[in-house]
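Written below as structure tokens is the structure these notes are about.
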Amino acid sequence: MISHLVKRPWLTGLLLVLAANAGLPAQDKGSTDKSGSAAEPMAVDARISAALQRVSAERIRANVEKLVSFGTRVTISPQDSSSIAAGHGVGAAREWIKSEFEQYSKDCGGCLEVKTDRFTEPAADRIPQPTEITNVYAVLKGTDAASAKRIILVTGHYDSRNSDTLDLKGDAPGANDDGSGTAVSLECARVLSTLKFPATIVFLAVAGEEQGLNGSHHFAKMAREEGWNIEAVLNNDIVGGDSSAGQDHSVVRVFSEGLPAAATEQEIRQIRGLGGENDSASRQLARYVADVGRTYHVGVKPLLVFRLDRYLRGGDHYSFNQQGYAAVRFTEFREDFHHQHQNVRTESGIEYGDLIKFVNFDYVAHVARLNAAILASLASGPAPPANVHVLTKDLENDSTITWQASSGDAATEYEVLWRATTSPEWEHVQKIGNVPRATLKLSKDNVIFAVRAVDAGGHRSLTVVPTPER
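Position 176 of the sequence shown, counting from 1, maps to 958 under our numbering, and the rest follow consecutively.
Structure, rendered in structure tokens:
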């Protein structure tokens, strides 16, 4: 895990010099010193902690076993009524996932709105003929009128595959890839549906991933066209903690894009000019994941990997990135490629296939707790500040940052964070109070700044890096 860093040695002496002013509120001083305090974990929410205890490795195992029982979940496998009745194919898997969401909703008095996103994907390389693809999702509507427009989303793909993506004859159990991720989405829905949050949470299971990210592409595009305010997307794909040698069950990798896929040429030029290649919205989400991981000890630590995905691989988070949404991917530390995209068989003493026997369900439960903690923390907290700018009209060594208050009335104060340009995570924080402006005696040329909102309970928003304003 990338741990948060201590103060730079050159700042130590400044703490003594500036101590006389440290007790004054930032809004009274008009400016703040440049020492700040070390970035610390967020406040623990007892309600969230209690909910995390309800995550069940046994329930996750049962869900993955059920997904495997459908024989194959290849996107182009049978979806007719007789196949569904026989419990075989992607159609049967789809109907079962929908029924699970509906049961969770029944258990919480109808708190979940269960929906499907159906569309026909035209013929392509991995789709021999036009094929209906269905995404299944459940919406836990936010309780606050303003905050409910904010959406936090978790997803996994329920389709599977063999060595040949067009193989419909052989079993494609897909226990780890991605029965594990689908189980995370389901378990988060079961556990969090018993609570209420100001913002909205969407629990999603998509199909078509193995054929070309078809399901997530359609869903993300639909969300953008309908104006959904998706604040964060958590994609869980291969989080089964494969039991092969070399696995590290203490960590889960978190991949995030650097240069935003949806950035315009002008935005790319600005990013390059400011050195902002490491400060996309997805990177801020990844840092938030690390923050949550330090706060709630769920049994697994986030290992931030600052690249879009693994070499030569892809995942559903990218579909959301393409639509301009912040999205990250969770994946186990070490994959065993004998157990992915392989027909079930044994050759030369090597066992191939994505079998349930290779999944560590305690590990999946840890990953589910981490996801649930992130979803609950973001849905409980305030919206990020808007229109965050650093003033650059005058040449000066002080730095003035301005922002627009978060939507709604949840935010009670704002914090300015900064780190060295070479540091992966936020190192220092300065509490500003409930005002939309701060001046720090710290050169904008030497550090990266960000602003976040905080509510009365200590819940934090995602951080926003300022853009220049002349």
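We treat Cβ as the ideally placed atom computed from N, Cα and C, and that holds for glycine.
Counting only runs that start and end within the segment 971–1023, where is the beta strand (DSSP E) found for 3 or more residues in a row? 982–988 and 1011–1018
Starting from Ala-1184, follow the beta strand (DSSP E) in both directions and report where the run begins and ends. Here residue 1184 turns out to be Thr, not Ala, going by the sequence shown. Looking at the DSSP string, the run of the beta strand (DSSP E) that includes Thr-1184 is 1181–1186.
Is Thr-1245 helix, strand or coil when you go by DSSP? coil
When burial is assigned at 16 or more other CB atoms within 10 Å of the CB, is Pro-1042 buried or exposed? buried
Check whether the segment 958–975 touches the segment 928–946, counting contact only when three or more Cβ pairs, one atom from each stretch, lie closer than 8 Å. yes
Quick check: the segment 877–885 against the segment 942–959, are there 3 or more CB pairs under 8 Å? no
Leu-1173 by DSSP, collapsed to three states: which one? strand
From the DSSP output, in three-state form, read off Asn-958 for me. helix
Among the residues of its own chain, which have a CB less than 6 Å from the CB of Gly-956, if the five just before and after it don't count? Arg-855, Ser-942 and Asp-1136
Please state whether DSSP places Phe-1102 in a helix, a strand or coil. helix
Rank Asp-949, Ile-842, Ile-830 and Lys-923 by C-alpha distance to the C-alpha of Val-1126 and give the top, closest one. Asp-949
Taking all protein chains shown into account, decide if Gln-1066 is buried (16 or more other Cβ within 10 angstroms of its Cβ) or exposed. buried
DSSP three-state assignment for Phe-1115, whether helix, strand or coil: coil
Name the DSSP bridge partner or partners of Ala-1168? Gln-1186
At a cut of 8 Å, does the segment 1236–1245 reach the segment 1060–1074 through at least three beta carbon pairs? yes
Exposed or buried, which one is Gly-1057 when buried takes at least 16 other CB atoms within 10 Å? exposed
Looking only at its own chain, which residues have a Cβ that is under 6 Å from the Cβ of Gly-853, when we skip the five neighbours before and after it? His-870 and Asp-953
Three or more C-beta pairs closer than 8 Å, one from the segment 913–933 and one from the segment 1181–1193: is that the case here? yes
Hey, how far is the Cα of Ile-858 from the Cα of Trp-878? 17 Å
In this structure, does DSSP put Gln-861 in helix, strand or coil? coil
In or out: Pro-1084 buried (at least 16 other Cβ within 10 Å) or exposed? buried
In angstroms with no decimal places, state the Cα-to-Cα distance between Leu-1224 and Phe-1231. 10 Å
Three-state class that DSSP yields for Trp-1208 in the structure shown: coil
Looking only at its own chain, which residues have a Cβ that is under 8 Å from the Cβ of Glu-1059, when we skip the five neighbours before and after it? Gly-1040, Leu-1041 and Ile-1053
For the segment 1159–1174 against the segment 896–905, are there 3 or more C-beta pairs whose distance is under 8 Å? no
Any chance the segment 1086–1105 sits against the segment 988–999, with 3 or more Cβ pairs inside 8 Å? yes
Across the segment 1030–1037 and the segment 1206–1222, are there enough close Cβ pairs to call them in contact, namely three or more that are closer than 8 Å? no
Can you tell me the Cα-Cα spacing of Ala-1154 and Lys-1139, whole angstroms? 25 Å
Rounded to a whole number of angstroms, what is the C-alpha to C-alpha distance between Arg-1076 and Ala-820? 14 Å
Suppose you measure from the CA of His-786 to the CA of Thr-1203; what does that come to, to the nearest Å? Because His-786 carries a pLDDT of 35, less than 50, the predicted location of this residue cannot be relied on, and the following value inherits that uncertainty. Approximately 14 Å between the Cα atoms of the pair.
Let me check understanding here. Comparing Cα to Cα, which of Arg-1252, Ala-1147, Ala-844 and Thr-982 lies closest to Glu-895? Thr-982
Look at Ala-1108 and Ala-1220 and say whether their C-beta atoms are less than 8 Å apart. no
From the DSSP secondary-structure annotation, give me the bridge partner or partners of Glu-1129. Ile-1132
Given a cut-off of 8 Å on the beta-carbon distance, is the pair Gly-1097 and Asn-1017 in contact? yes
Bridge partners of Ala-1109, per DSSP? Val-1015
Can you find the residues in the same chain that come closer than 7 Å, C-beta to C-beta, to Ser-836, ignoring five residues on each side of it along the sequence? Per the sequence shown, the amino acid found at residue 836 is Arg instead of Ser. Here the set comprises Val-973.
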